[in-house]
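The block underneath contains the structure these notes are about, expressed in structure tokens.
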Amino acid sequence: MTFSNESIIEKDITLQNEFGDITMRLPKTQQGYFKLLAQSGNISAPFDLNIKADETKTSVEQAIGNSPVKFDVRNNNGSITLVYY
Numbered sequence: 001m002t003f004s005n006e007s008i009i010e011k012d013i014t015l016q017n018e019f020g021d022i023t024m025r026l027p028k029t030q031q032g033y034f035k036l037l038a039q040s041g042n043i044s045a046p047f048d049l050n051i052k053a054d055e056t057k058t059s060v061e062q063a064i065g066n067s068p069v070k071f072d073v074r075n076n077n078g079s080i081t082l083v084y085y
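Numbering (my numbering), first residue to last: 1 to 85.
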């Protein structure tokens with residue numbers, strides 16, 4: 001699954017996927033609260049995230065900047081990748 005938006009996102013986003021990877025393409029200046037969960041997968045991004053990992057899951061719960069926008073992304077059996085435009 002690919003989520004792509006060239007403009008700053010100003011509303012909450014919820015993505016759920018199973019058995020595949022999620023790629024999110026966001027503007028370099030995007031801010032928000034990122035709640036990411038990858039069951040049986042990894043999380044990667046072009047900026048520093050406080051990634052927590054154990055044997056079955058990888059997760060992030062972190063604010064980037066001051067925006068109240070929430071990104072709730074969950075993936076079962078796949079990874080989550082954030083990339084910039």
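All residues carry an ideal CB built from backbone N, CA and C; glycine is no exception.
Q) For the putative contact between Gln31 and Asn66, defined by C-beta atoms under 8 Å, what is the C-beta separation to the nearest angstrom? A) Rounded, the Cβ-Cβ distance is 6 Å, consistent with contact.
(Q) Just to confirm my understanding: we take Lys57, look at its own chain, exclude 5 residues before and 5 after, and list those with CB closer than 6 Å. What are they? (A) Gln39
Q: Could you name the residues of the same chain whose beta carbon sits closer than 6 Å to that of Lys52, not counting the 5 residues immediately before and after it, in chain order?
A: Ser59
Q.
By the three-class DSSP mapping on this structure, what secondary structure does Met1 have?
A. coil
Q: Measuring alpha carbon to alpha carbon, tell me which of Ile80, Asp12, Phe3 ends up nearest Tyr33.
A: Asp12
Q: Let me know the secondary structure DSSP gives Glu6 once reduced to three states.
A: coil
Q: Please report how far the alpha carbon of Pro46 lies from the alpha carbon of Glu18, in whole angstroms.
A: Rounded to whole angstroms, Pro46 to Glu18 spans 23 Å at the Cα level.
Q) Run through DSSP, which three-state label would Ile22 get? A) strand
**Q.** Cα-Cα separation between Gly20 and Thr14, rounded to whole angstroms
**A.** Rounded to the nearest angstrom, the two C-alpha atoms are 16 Å apart.
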